[in-house]
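Below is one structure, written out as structure tokens; the observations come after it.
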Amino acid sequence: MEGFGADYYHDDSSVISHDANKNLVPDVIVGSDFFVMEFIRLADIAKDTGVVVNQDDRASWLCLASGGVNYWSISDNEIGQGDLTSIAIARDGQQIGCSPYSNDLSVRVKGISFLGASSENFALMSEDEQGSNTIQYCTDTQSYGDFIQMNCLQYYVENKSVKGVLIIQVTSN
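Going by our numbering, the sequence shown opens with residue 63, and the numbers climb by one from there.
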């Protein structure tokens, strides 16, 4: 995976997570289709867009470029098994492996700004985080016995503006 999408692989335990207190399930619109994270397979998105699903030992993904924005749809190779479990969004130039897409393409979470947000939008940042490049908000979505599933929204900030956003589904105990 190239470009900002490769940040999916960086697991930084120093990032402080804030409770979002709101639904972080994204609406994904590709062409005339509406997709829901975890309930759609990458193969379905690939079929609708005519692109190939890429795979390595840690994840499967596809990348679409539209309107100067790259959208990575990602499935981890553990729990996801082909289901959409993460989305990366960035304005980071043309990337190898990102296919141009001219139909409607958007990812939204109601009431939340993604690439248009600035560091001033992050009121929950503590003094310890002022120098951090990653700001994370999470909300629990479901519990399965001892496991909790949550959706997290990670903002990657550079020069006081958002470089990219990662929407991930996390399962922890």
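Beta carbons are placed, not taken as given, at the ideal position from N, Cα and C, and that holds for glycine.
Bridge-paired residues (DSSP) for residue i
i	result
residue 81	200
residue 226	152 and 218
residue 66	None; residue 66 has no bridge partner.
residue 121	138
residue 232	212
residue 132	127 and 152
Best match in the options for proximity to residue i [C-alpha to C-alpha]
i	options	result
residue 195	216, 209, 178 and 212	216
residue 65	123, 163, 145 and 100	123
residue 198	135, 172 and 226	226
residue 176	111, 83 and 133	133
residue 172	83, 228 and 87	87
residue 228	96, 151 and 202	151
Sequence-distant residues of the same chain with beta carbon closer than 6 Å to residue i, five excluded per side
i	result
residue 230	148 and 214
residue 136	70, 121, 123 and 148
residue 204	211
residue 77	196 and 198
Supposed contact pair residue j and residue i - C-beta distance, whole angstroms, cut 8 Å
i	j	result
residue 104	residue 161	Residue 104 to residue 161, Cβ: 13 Å. No contact.
residue 146	residue 102	5 Å
Close-in-space but distant-in-sequence residues of the same chain around residue i (CB under 8 Å, 5 per side omitted)
i	result
residue 154	65, 66, 132, 225 and 226
Own chain partners of residue i with C-beta closer than 7 Å, once the 5 adjacent residues on each side are dropped
i	result
residue 158	64
> Counting pairs of Cβ atoms below 8 Å between the segment 86-102 and the segment 163-177, do you hit three or more?
Replying inline: yes
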